[in-house]
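So the sequence shown is residues 0 to 316, counted in numbering that gives the first Met the number 0.
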Amino acid sequence: MPIVIGTDEAGYGPNLGPLVITATSWTIPDGARPADLWTLLDDVVAESPKRGDRRLHVADSKKVYSASRSLAPLERSVHAFLRILAADAASVGALGVYLSGAGFRDDFERVRRDVVDELALPIQCTDAECDDHAARVTEVMNTSGIRLLSVRSCIMFPPEFNRRVAETDSKGKVLSAETLALVRAAADHPDAPADGWVVCDKHGGRNRYDDIISTAFEDKFVFRLEESRRVSRYRLGQLDFCFRTKAEEVLPVALASMVAKYVREVVMLQFNRFWQSHLPDLKPTKGYPVDALRFWDDIAETAGSLGITRSEIWRNR
């Protein structure tokens, strides 16, 4: 039963809020390929569900959620899959700790600063819904010989992001290094088979990845199979690595995209609640460049009175 590891990120471009990178890892039946997961799970997941479809919506997070849409479809799918792993995701803090480790708690406390209550999760769907979907997906996975091994994230807040970018002079290098660190952790899972696939969304305009794969795997030799603007492929041991455009067309990458997006959205909800507790009429922000400047202008005076510096919340790139 080979392994499939899919990775994606959310929040690469904004000035406010965390960069979130996520990896999901799965085992699939012998003879199956990563693209086959859509067919194997067709009874319980759908890339483009129609009205009334009871299946979970799993796709590129941009297709599942936007500011003009309800959070519920994204939230429902993320929580259903996390419940398959018995993850504690009952609050923003618990979700972050489960996905990225205990260090998340200190970073997150600097977002809400003990001023506003920690958001309970889920927000727009019910526990019963998530439990029902988790049970249905588990049944189909068991029948099909599929197992979800892990879902893990790197959740990098502005102070760490700025430090790492200053060290490397490239946020692209930070993204690539943290992505491959998650891949290595997934490959080291005690139940992970040695053979399989790693599928990642391309990192900006980068076409060469053999160096970062080798670094993440203790400088082991990496065979370069193909490098182009569309796809870059490599072989390390029994693992095939593929960095491609539209990688969210592969289900493990789509779920990674959704988890990363959901984590960023709920952290930003908490961030906005903190500032609105001091400025009730403040318009919330998603943290993207133009609106981030507006938001900083709106909060700058209050931030100064609270002793909060711009460098604590602002990403330099």
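For glycine and all other residues, C-beta sits at the position ideal for the given N, C-alpha and C.
*Taking the Cβ atom as the reference point for each residue, do SER90 and LEU120 lie within a distance shorter than 7 angstroms?*
To locate residue 90, count along the sequence shown from 1; it is residue 91. To locate residue 120, count along the sequence shown from 1; it is residue 121. It is a contact, given that the beta carbons lie within the stated cut-off.
*Select from TRP295, LEU250 and ARG151 the residue whose C-alpha is nearest the C-alpha of VAL262.*
Numbered from 1 along the sequence shown, position 263 holds the residue referred to as residue 262. That would be ARG151, whose Cα lies nearest to the Cα of VAL262.
_For PHE222 and SER304, what's the separation of their Cα atoms in angstroms?_
Here residue 222 corresponds to residue number 223 of the sequence shown, with the count starting at 1. Here residue 304 corresponds to residue number 305 of the sequence shown, with the count starting at 1. One C-alpha to the other measures close to 56 angstroms.
*In terms of alpha-carbon separation, which member of GLY5, PRO13 and MET0 lies closest to ASP290?*
Along the sequence shown, one-based indexing puts residue 290 at 291. Taking only the C-alpha atoms, the option nearest ASP290 is PRO13.
_Considering just the uninterrupted stretch of the beta strand (DSSP E) at SER256, what are its terminal residues?_
One-based indexing of the sequence shown puts residue 256 at position 257. It is not in any beta strand (DSSP E) - SER256 instead sits in the alpha helix (DSSP H) that spans 250–277.
_Can you find the residues in the same chain that come closer than 7 angstroms, C-beta to C-beta, to VAL139, ignoring five residues on each side of it along the sequence?_
Counted from its first residue, the sequence shown places residue 139 at position 140. The answer, listed in chain order, is LEU40, ASP42 and VAL43.
*Rounded to whole angstroms, what's the CA-CA distance from THR38 to VAL164? Just pull it up for me.*
For the purposes of this step, residue 38 is identified with residue 39 of the sequence shown, where counting begins at 1. For the purposes of this step, residue 164 is identified with residue 165 of the sequence shown, where counting begins at 1. When rounded, the distance between both Cα atoms is 40 angstroms.
*Is it a yes or a no for the segment 244–259 touching the segment 70–80, going by three-plus beta-carbon pairs under 8 angstroms?*
yes
*So, is GLY144 buried or exposed, given that buried needs 16 or more other C-beta atoms within 10 angstroms?*
Position 145 of the sequence shown holds residue 144. GLY144 is exposed by the Cβ-count criterion.
*Cβ neighbour criterion (16 or more within 10 Å) applied to ALA299*: The count along the sequence shown starts at 1 and reaches residue 299 at position 300. That one is exposed.
*asked:* Going by DSSP in three states, ARG54 sits in which element: helix, strand or coil?
replied: For the purposes of this step, residue 54 is identified with residue 55 of the sequence shown, where counting begins at 1. Three-state result, ARG54: coil.
*Span of the beta strand (DSSP E) holding ARG325?*
In the structure displayed, the chain extends from 0 to 316; residue 325 sits before or after that span and is not available.
*Since MET267 contacts GLY16 with CB under 8 angstroms, what's their CB separation in whole angstroms?*
Taking the first residue of the sequence shown as 1, we reach residue 267 at position 268. Taking the first residue of the sequence shown as 1, we reach residue 16 at position 17. Yes, they are in contact, since the Cβ atoms of MET267 and GLY16 sit about 5 angstroms apart, within 8 angstroms.
_Neighbour-count burial assignment, SER47, 16 or more Cβ in a 10 Å radius_ = Residue 47 sits at position 48 when you count from the first residue of the sequence shown. SER47 should be labelled exposed.
*Return the first residue and the last residue of the beta strand (DSSP E) that TRP196 is part of.*
Along the sequence shown, one-based indexing puts residue 196 at 197. Here the beta strand (DSSP E) through TRP196 covers 195–200.
*Tell me, please, which residues DSSP counts as bridged to GLY5.*
Counting from one through the sequence shown, the residue named residue 5 turns up at place 6. Answer is THR23 and VAL198, bridged to GLY5.
*For ARG111, which residues from the same chain have a beta carbon less than 6 angstroms from its beta carbon, with the 5 sequence-adjacent residues on both sides left out?*
Here residue 111 refers to the residue found at position 112 of the sequence shown. The answer, listed in chain order, is GLN269 and PHE273.
*Among THR21, VAL173 and ARG109, nearest to ILE312 - alpha-carbon criterion*: Numbered from 1 along the sequence shown, position 313 holds the residue referred to as residue 312. For the residues THR21, VAL173 and ARG109, the minimum Cα distance to ILE312 belongs to ARG109.
*asked:* Residues in the same chain with beta-carbon distance under 7 angstroms from ALA215, minus the five sequence neighbours each way, listed in chain order, please.
replied: Stepping through the sequence shown from its first residue, residue 215 is reached at position 216. The residues are LEU179, ALA180, VAL182 and ARG183.
*By Cβ distance below 7 angstroms, which residues in the same chain neighbour GLU128 in space, the five residues on each side in sequence not counted?*
Taking the sequence shown and counting its residues from 1, the one referred to as residue 128 is at position 129. Correct list, in chain order: ARG75.
*Would you list the residues sitting across from TRP313 in a DSSP beta bridge?*
In the sequence shown, the residue the question calls residue 313 occupies position 314. Its beta-bridge partners are LEU15.
*asked:* Suppose you measure from the CA of ARG316 to the CA of ILE27; what does that come to, to the nearest Å?
replied: Against the sequence shown, residue 316 aligns to sequence position 317. Against the sequence shown, residue 27 aligns to sequence position 28. Cα to Cα, ARG316 sits roughly 39 angstroms from ILE27.
_Reference GLU225; option with closest CA among ARG243, PRO158 and SER213_ = Within the sequence shown, numbered from 1, the residue matching residue 225 stands at position 226. That would be ARG243, whose Cα lies nearest to the Cα of GLU225.
*Helix, strand or coil: how does DSSP classify LEU148 here?*
Your numbering for residue 148 matches position 149 in the sequence shown. It is a strand residue.
*If you draw a straight line from the alpha carbon of LEU250 to that of THR301, how long is it in whole angstroms?*
Within the sequence shown, numbered from 1, the residue matching residue 250 stands at position 251. Within the sequence shown, numbered from 1, the residue matching residue 301 stands at position 302. Distance between the alpha carbons of LEU250 and THR301: 44 angstroms.
*Assign VAL19 to buried or exposed, taking buried as 16 or more other Cβ atoms, counted over all protein chains shown, within 10 Å of its Cβ.*
Here residue 19 refers to the residue found at position 20 of the sequence shown. So VAL19 counts as buried.
_Going by beta-carbon coordinates alone, are VAL3 and PRO33 separated by less than 7 angstroms?_
To locate residue 3, count along the sequence shown from 1; it is residue 4. To locate residue 33, count along the sequence shown from 1; it is residue 34. In contact: VAL3 and PRO33 (Cβ atoms closer than 7 angstroms).
*Compute the Euclidean distance between the alpha carbons of PHE220 and PHE160, then round it to the nearest angstrom.*
As a position in the sequence shown, residue 220 is number 221, starting the count at 1. As a position in the sequence shown, residue 160 is number 161, starting the count at 1. So the alpha carbons of these two residues sit roughly 29 angstroms apart.
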